[in-house]
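First residue of the sequence shown? That's 13 in the numbering used here, and the numbers climb one at a time after it. Ideal Cβ positions, reconstructed from N, Cα and C, are used throughout, including at glycine. One structure below.
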Amino acid sequence: MTDVPVTAKIALTGGRDFWHTNAVPEADLPAVMVTDGPHGVRKQSGDVDHVGLGASEPATCFPPAVGLSSTWNRDLVRQVGVALGEETKALGVGVLLGPGANLKRDPRCGRNFEYFSEDPYLTGELATALVEGVQSEGVGTSLKHFAANNQETDRMRRDSQIDDRTLREMYLRAFGKVVRESQPWTVMCSYNKVNGVQASENHFLLTEVLRDEFGFEGLVVSDWGAVWDRVKALKAGCDLEMPANAVHEAATVRAFEAGEIDQATIDTAYERIERVMRRAAATLADAPDTFDEAAHHALGRAAAEQAIVLLRNDGVLPLSSDARVGVVGEFARTPRYQGAGSSRVNPTRLDNALDRIREIVGGEVPFAPGFSTNPKVPAPADAVSDAVAVAKDADVVLLFLGLGEAHESEGYDRKDLDLPAEQLALLDEVLAVNPNVVVVLSNGSSVLVPFAGRVRAVVEGWLLGQAGGPALADVLFGLVNPSGKLTETIPNRLADVPSYLNFPGDTTGVRYGEGLFVGYRGYDKTETPVAFPFGHGLSYTTFAYADLAATASDDGLRVEVTVTNTGDRAGREVVQAYVSKASSAVVRVPRELKGFADVTLEPGASERVVIEIAADELAYWSVLDAAWVIESGEYTVEVGASSRDLRASATVEVAGNEPVRPLTMDSTVVEAMANPVFAQAATAMMQGSIFGASDNDSLGVDAAAMLAELPLAALVGFSGADPADFQRLLDAANASAAGAA
Numbered sequence: 013m014t015d016v017p018v019t020a021k022i023a024l025t026g027g028r029d030f031w032h033t034n035a036v037p038e039a040d041l042p043a044v045m046v047t048d049g050p051h052g053v054r055k056q057s058g059d060v061d062h063v064g065l066g067a068s069e070p071a072t073c074f075p076p077a078v079g080l081s082s083t084w085n086r087d088l089v090r091q092v093g094v095a096l097g098e099e100t101k102a103l104g105v106g107v108l109l110g111p112g113a114n115l116k117r118d119p120r121c122g123r124n125f126e127y128f129s130e131d132p133y134l135t136g137e138l139a140t141a142l143v144e145g146v147q148s149e150g151v152g153t154s155l156k157h158f159a160a161n162n163q164e165t166d167r168m169r170r171d172s173q174i175d176d177r178t179l180r181e182m183y184l185r186a187f188g189k190v191v192r193e194s195q196p197w198t199v200m201c202s203y204n205k206v207n208g209v210q211a212s213e214n215h216f217l218l219t220e221v222l223r224d225e226f227g228f229e230g231l232v233v234s235d236w237g238a239v240w241d242r243v244k245a246l247k248a249g250c251d252l253e254m255p256a257n258a259v260h261e262a263a264t265v266r267a268f269e270a271g272e273i274d275q276a277t278i279d280t281a282y283e284r285i286e287r288v289m290r291r292a293a294a295t296l297a298d299a300p301d302t303f304d305e306a307a308h309h310a311l312g313r314a315a316a317e318q319a320i321v322l323l324r325n326d327g328v329l330p331l332s333s334d335a336r337v338g339v340v341g342e343f344a345r346t347p348r349y350q351g352a353g354s355s356r357v358n359p360t361r362l363d364n365a366l367d368r369i370r371e372i373v374g375g376e377v378p379f380a381p382g383f384s385t386n387p388k389v390p391a392p393a394d395a396v397s398d399a400v401a402v403a404k405d406a407d408v409v410l411l412f413l414g415l416g417e418a419h420e421s422e423g424y425d426r427k428d429l430d431l432p433a434e435q436l437a438l439l440d441e442v443l444a445v446n447p448n449v450v451v452v453l454s455n456g457s458s459v460l461v462p463f464a465g466r467v468r469a470v471v472e473g474w475l476l477g478q479a480g481g482p483a484l485a486d487v488l489f490g491l492v493n494p495s496g497k498l499t500e501t502i503p504n505r506l507a508d509v510p511s512y513l514n515f516p517g518d519t520t521g522v523r524y525g526e527g528l529f530v531g532y533r534g535y536d537k538t539e540t541p542v543a544f545p546f547g548h549g550l551s552y553t554t555f556a557y558a559d560l561a562a563t564a565s566d567d568g569l570r571v572e573v574t575v576t577n578t579g580d581r582a583g584r585e586v587v588q589a590y591v592s593k594a595s596s597a598v599v600r601v602p603r604e605l606k607g608f609a610d611v612t613l614e615p616g617a618s619e620r621v622v623i624e625i626a627a628d629e630l631a632y633w634s635v636l637d638a639a640w641v642i643e644s645g646e647y648t649v650e651v652g653a654s655s656r657d658l659r660a661s662a663t664v665e666v667a668g669n670e671p672v673r674p675l676t677m678d679s680t681v682v683e684a685m686a687n688p689v690f691a692q693a694a695t696a697m698m699q700g701s702i703f704g705a706s707d708n709d710s711l712g713v714d715a716a717a718m719l720a721e722l723p724l725a726a727l728v729g730f731s732g733a734d735p736a737d738f739q740r741l742l743d744a745a746n747a748s749a750a751g752a753a
């Protein structure tokens, strides 16, 4: 490295173009290609445009994160990651830019289809599995977008204003899990500001948290165009600016010559980039140039099958293969299978639900598109009447509704959670002639379903990738038993969403005013009714839970429960474990997902399911101590089929790690009275104060309650105690506490 000129080192800290790093001939370091693709490799051919409008080489389009996460299946997600790694190598790419580990703070975020969940634990578990799978093939991933990038509105400037505890527990926690457990080769910093500082220039995020606390060993790459000042970015810990920016490179050279950035900072960034690029180059040197398209398509279909969520079913599903069905809705013929923007994949093939339905029933099935999926292209004048005619002659109508690409995309947010008005009007027309309607949805984030109680069944198909169409058909006809579970709450109203009043903010920033109460945490705290809760998903069979046991150790909690298939067909159940602590010194949410496991059972079969909850999952971020703290005391563990379908609960005593905080004049009376030395001396001291007056009871005054939150400094004045004597009391109390510890 010593033979490489500083100008070449600086050049390596910026991309050669949109998709390649710079080569360094002096170090025999070749250029390496990186490309988009959380759910498929988007290697663009010809002129590049970044946002996904140009052609790209064929690759498998697996279910995007919105669908893949609904499997709640770590092993399956890892398998998809392996396949993505194989395709990344075969297409000559060194780093796949994904997965996205941002929280689904608000269902209006236009890019939610690329994110896993409204819950940080579930997000961390599934993102870790995907990273492990991809990197097992010798290519890298880019965990993104770090951090607090939870909307598309004004995404390159808006300031995410978040209190420290919420930032740590909700928006950084998943990133920490992925880094510690799978060490992604790269982490991508986001566009936005975080508490007033641009993410690409945020030393707290990129160095103090990501490297010093999480132990990140790879390189930090900017989101495309997220660097405003490369010198500030390098000093903060952002190693690689993408794409190329000649102005920034020249400014960095001048800054070095002027002594505004030192050699060590440049060397550090250079070494991080070089290390990752050499790993990628070594893999690509011997990589095959093909992959098994058929096997990957089959894997995509298997993932789609487990991603489908049966929201409601009055018994109409599964359908018999000889049922007289009519199919309405353009999405049955032209599937909405992925999101729009930089993650758009050119699929190796694309299957639809209509063809598979006709294959299952063994003949022609009446179909009418009913509407246009493109708001700029109106449907034919007879679209509704044709759909009504199909519905009138069917025993059961399969009505495919959803959001087109123009409704949700990278680059802008949704304004509401409604399905298009013309689709809701079509539903009314269909119901008027046939009450036996099954609604099948395609969407990248939650939509309102006010019609759920008026139809026979609702199937949430999310975005399922190139093989999702046949998977939907197989679920509808019972060839596959649905087992997907919601990873985001479906509300009754937009106004019920916890972030409703604080999204998307304005030019002064976006205040994360709901704090810890994101998603189901907020709905549960306010006891707000929802359409379908987090974790919900029905099956064509039923499951019973029994004999819950929870035990604690230094490693955390071990949760065991017996699950029995009480129905008449084989099925897969996702067992969810939620933890709560009723008595706490800090604000707590009603319950939090802290573990899950899936089990597949034949009819009548039982299995003992074990869920291990790591000790650090019980910790909260203590702002006072700037540390993770586990409170001692009783915790409640609840297990069930969703956050609001909890079948059993148990309590367990946990030994915490609370730090001993010295008493000061700023401590409250209630805090100080927990110290025996202080309590004994203070009781006598207060007898002569206004709080010890004999007539307090007759006045209806609860002196103890009035006193509890009083700072000790104020108590000194009220009691008439000598401040020096009081300080000696504090010193003695602190000494006794330190000795006990």
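**Request:** Taking only the alpha-carbon atoms, compute the straight-line gap between G375 and G312 and give it to the nearest angstrom.
**Result:** Counting from 1 along the sequence shown, the entry for residue 375 is found at position 363. Counting from 1 along the sequence shown, the entry for residue 312 is found at position 300. Approximately 26 Å between the Cα atoms of the pair.
**Prompt:** First and last residue of the alpha helix (DSSP H) that includes Y282?
**Reply:** Position 270 of the sequence shown, counting from 1, holds the residue named residue 282. Looking at the DSSP string, the run of the alpha helix (DSSP H) that includes Y282 is 275-297.
**Request:** Within 10 angstroms of the Cβ of M182, are there 16 or more other Cβ atoms? Answer buried if so, exposed if not.
**Result:** Working through the sequence shown from its first residue, we reach residue 182 at position 170. Burial call: buried.
**Request:** For Q692, count neighbouring Cβ atoms within 10 angstroms of its own Cβ and tell me buried if that reaches 16, exposed if not.
**Result:** The residue given as residue 692 occupies position 680 in the sequence shown. With fewer than 16 Cβ atoms within 10 Å of its Cβ, Q692 is classed as exposed.
**Item:** As assigned by DSSP and simplified to three states, the class of R223
**Value:** For this step, residue 223 is matched to residue 211 along the sequence shown. Collapsing the DSSP output to three states places R223 in a helix.
**Asked** Apart from the five residues on each side of it in sequence, which residues of its chain come closer than 8 Å, Cβ to Cβ, to V402?
**Response** Within the sequence shown, the letter at position 390 stands for residue 402. The residues are G338, V339, V340, P378, F379, A380, V409.
**Message:** Let me check one thing: in DSSP terms, what residues is L453 bridge-paired to?
**Reply:** Sequence index remark: in the sequence shown, residue 453 carries index 441 (1-based). According to DSSP, which records beta bridges pairwise, L453 is partnered with L413, E472.
**Request:** Within the same chain, show all residues whose beta-carbon is closer than 7 Å to that of Q91, passing over the 5 residues directly before and after it, in chain order.
**Result:** As a working note, residue 91 is residue 79 in the sequence shown. The residues are G145, L311.
**Prompt:** With a CB to CB cut of under 6 Å and the five nearest residues on each side skipped, what residues in its chain are close to L630?
**Reply:** As a first step, residue 630 is located in the sequence shown; it is residue number 618 there, counting from the start. Result list for L630: I642, in chain order.
**Asked** Any contact of the region 218-227 with the region 188-204, i.e. 3+ C-beta pairs under 8 Å?
**Response** yes
**Prompt:** Looking at C-alpha atoms only, which residue of P37, T72, K205 is the closest neighbour of L523?
**Reply:** Here residue 523 is taken as the residue at index 511 of the sequence shown, counted from 1. The sequence shown places Arg at residue 523, rather than the Leu named in the question. Checking every option, the nearest Cα to that of R523 belongs to K205.
**Prompt:** Using the C-alpha atoms, what's the distance from G456 back to I369?
**Reply:** Mapped onto the sequence shown, residue 369 falls at position 357. Mapped onto the sequence shown, residue 456 falls at position 444. Cα to Cα, the separation comes out at about 23 Å.
**Request:** Give me the Cα-Cα distance between G25 and D171, rounded to the nearest whole angstrom.
**Result:** Taking the first residue of the sequence shown as position 1, residue 25 is located at position 13. Taking the first residue of the sequence shown as position 1, residue 171 is located at position 159. Looking at the sequence provided, one finds Thr at residue 25 rather than Gly. T25 and D171: Cα-Cα distance of roughly 26 Å.
**Item:** Same chain, Cβ closer than 6 Å to H308, five either side skipped, listed in chain order
**Value:** On the sequence shown, residue 308 is found 296 positions in, with the first residue counted as 1. A distance below 6 Å between beta-carbons, with the five flanking residues on each side excluded, links H308 to the following residues of its chain, in chain order: T72, A95.
**Request:** Inspect the beta-carbon positions of A556 and T538 and report whether they are closer than 9 Å.
**Result:** Position 544 of the sequence shown, counted from the first residue, corresponds to residue 556. Position 526 of the sequence shown, counted from the first residue, corresponds to residue 538. Cβ atoms of A556 and T538: not closer than 9 Å.
**Prompt:** Skipping 5 residues on each side, what residues in its chain have a beta carbon closer than 7 Å to that of G496?
**Reply:** For the purposes of this step, residue 496 is taken as the residue at position 484 of the sequence shown. Cβ within range, chain order: S82, T83, Q318, A319, I320, V321, G549.
**Request:** Please classify I702: does DSSP put it in a helix, a strand, or coil?
**Result:** For this step, residue 702 is matched to residue 690 along the sequence shown. Any reading at I702 must be qualified, since the residue scores a pLDDT of 49, below 50, and its modelled position is unreliable; no value is offered.
**Request:** Can you have a look at E665 and say buried or exposed, based on whether 16 or more other CB atoms are within 10 angstroms of its CB?
**Result:** In the sequence shown, the residue the question calls residue 665 occupies position 653. Result: exposed.
**Message:** Quick check on A186 - is its C-beta less than 9 Å from some C-beta in chain C?
**Reply:** Chain labels in this structure do not include chain C; a single protein chain is all it has.
**Message:** Using 8 Å for Cβ pairs, my map puts D425 next to L460. What's the rounded Cβ distance?
**Reply:** For the purposes of this step, residue 425 is identified with residue 413 of the sequence shown, where counting begins at 1. For the purposes of this step, residue 460 is identified with residue 448 of the sequence shown, where counting begins at 1. In fact, because the Cβ distance is near 16 Å, the residues do not count as touching under 8 Å.
**Message:** Suppose contacts are defined by Cβ-Cβ distances below 9 Å. Is V151 in contact with V107 by that definition?
**Reply:** Within the sequence shown, the letter at position 139 stands for residue 151. Within the sequence shown, the letter at position 95 stands for residue 107. Contact: yes.
**Prompt:** Closest by CA to G668, which one among P615, D87, G568?
**Reply:** The sequence position of residue 668 within the sequence shown is 656, counting from 1. Taking only the C-alpha atoms, the option nearest G668 is G568.
**Message:** I believe G583 touches S654 by the beta-carbon criterion, under 8 Å. Please report the beta-carbon distance rounded to the nearest angstrom.
**Reply:** Position 571 of the sequence shown holds residue 583. Position 642 of the sequence shown holds residue 654. 16 Å between Cβ atoms; not a contact.
**Asked** Which residues in the same chain have their Cβ closer than 6 Å to the Cβ of L329, if we skip the five residues on either side of it in sequence?
**Response** Residue numbering aside, residue 329 sits at position 317 when the sequence shown is read from its first letter. Cβ-Cβ distances below 6 Å link L329 to A469 in the same chain, with the five nearest sequence neighbours on each side left out; the list follows chain order.
**Prompt:** Can you tell me where the alpha helix (DSSP H) with H51 in it begins and where it stops?
**Reply:** By one-based count along the sequence shown, residue 51 stands at place 39. No alpha helix (DSSP H) contains H51, which DSSP labels as neither H nor E.
**Prompt:** Run through DSSP, which three-state label would P735 get?
**Reply:** Taking the first residue of the sequence shown as 1, we reach residue 735 at position 723. Helix at P735.
**Message:** Let's see if you can read the secondary structure: which residues bound the alpha helix (DSSP H) around T33?
**Reply:** By 1-based counting over the sequence shown, the position of residue 33 is 21. It is not in any alpha helix (DSSP H) - T33 carries neither H nor E in the DSSP assignment.
**Request:** With DSSP collapsed to three states, give me the class of A631.
**Result:** Position 619 of the sequence shown, counted from the start, is the residue given in the question as residue 631. Correct three-state label for A631: coil.
**Prompt:** If you draw a straight line from the C-alpha of V622 to the C-alpha of V681, how long is it?
**Reply:** Sequence index remark: in the sequence shown, residue 622 carries index 610 (1-based). Sequence index remark: in the sequence shown, residue 681 carries index 669 (1-based). Going from the Cα of V622 to the Cα of V681 covers about 44 Å.
**Prompt:** My guess is that E526 and P510 are in contact by the Cβ rule of under 8 Å, so how many angstroms apart are they, rounded?
**Reply:** By one-based count along the sequence shown, residue 526 stands at place 514. By one-based count along the sequence shown, residue 510 stands at place 498. The pair is a contact, with the Cβ atoms about 4 Å apart (cut-off 8 Å).
**Request:** Would you mind stating whether P671 and A639 have Cβ atoms separated by less than 9 Å?
**Result:** Mapped onto the sequence shown, residue 671 falls at position 659. Mapped onto the sequence shown, residue 639 falls at position 627. Contact flag set, yes.
**Prompt:** Looking at the unbroken alpha helix (DSSP H) that takes in E126, where does it start and where does it end?
**Reply:** Here residue 126 is taken as the residue at index 114 of the sequence shown, counted from 1. No alpha helix (DSSP H) contains E126, which DSSP labels as neither H nor E.
**Asked** Which full runs of the alpha helix (DSSP H) of 4+ residues lie inside the region 128-174, going along the chain?
**Response** 132-147
**Asked** The beta strand (DSSP E) with S194 in it runs from where to where?
**Response** As a working mapping, residue 194 is identified with position 182 in the sequence shown. Looking at the DSSP string, S194 is not in any beta strand (DSSP E); the run it does join, the alpha helix (DSSP H), is 185-194.
**Asked** What separation, rounded to the nearest whole angstrom, lies between the Cα atoms of I702 and P516?
**Response** As a working mapping, residue 702 is identified with position 690 in the sequence shown. As a working mapping, residue 516 is identified with position 504 in the sequence shown. Legend: pLDDT at I702 = 49, less than 50; position of this residue unreliable, no value from coordinates given.
**Item:** Q588, DSSP secondary structure in three states
**Value:** Mapped onto the sequence shown, residue 588 falls at position 576. Three-state result, Q588: strand.
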